[in-house]
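At position 53 of the sequence shown (counting the first as 1) the number is 53 in UniProt numbering, and the numbers step up by one without a gap. Here the structure comes first, spelled out in structure tokens, and everything after it is commentary.
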Amino acid sequence: MAEAPLREPTFLVLTALAEAPLHGYAVIEDVLRISDGRVRLRAGTLYAVLDRLRADGLIEVEREEVVQSRLRRYYRLTALGARRLSEEASRLRHNADAARVRLRRGGLLTDGGAA
């Protein structure tokens, strides 16, 4: 059975961690950048996603440090997480390509933009 599609915030968190380990606040900022400002994660939402991804083996804590008397955890993608992100990116690409083909066939899309 195929895995369920990732929710957008989860996909974006994994995407943020694909390049390098990040701490929570940096993940929030990177998700905002990646999504062109559309997805604004709140701390509570982020940490729930991070906890779930850790439990699923898709990410892990790389290191911890104390900054201004607060513990800062850096998370990184695991090999399983990289594979899951790659599979999801392929699924999304396939679906987007199918939509573009159908829009072109229907005369609703020309030269990459709406008609």
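Backbone N, C-alpha and C define an ideal beta-carbon position, used for all residues, glycine too.
Problem set entry | Residue environment, Thr110, which counts as buried when at least 16 other CB atoms sit within 10 Å | Residue 110 sits at position 110 when you count from the first residue of the sequence shown. Counting Cβ neighbours within 10 Å, Thr110 comes out exposed, since fewer than 16 surround it.
For this session: Could you spell out the range, first to last residue, of the alpha helix (DSSP H) harbouring Ala87?
Result: Taking the sequence shown and counting its residues from 1, one reaches residue 87 at position 87. The displayed chain sequence assigns Glu, not Ala, to residue 87. Here the alpha helix (DSSP H) through Glu87 covers Ala79 to Arg105.
Problem set entry | Counterpart residues of Arg72 in DSSP-defined beta bridges | Translated into the one-based positions of the sequence shown, residue 72 becomes position 72. For Arg72, which the question treats as bridged, DSSP gives the partners Glu65.
For this session: Flag this pair as touching only if the stretch 82 to 92 and the stretch 37 to 51 have three or more C-beta atom pairs under 8 angstroms; answer yes or no.
Result: no
Problem set entry | Three or more C-beta pairs below 8 angstroms linking the stretch 94 to 107 and the stretch 50 to 61 | no
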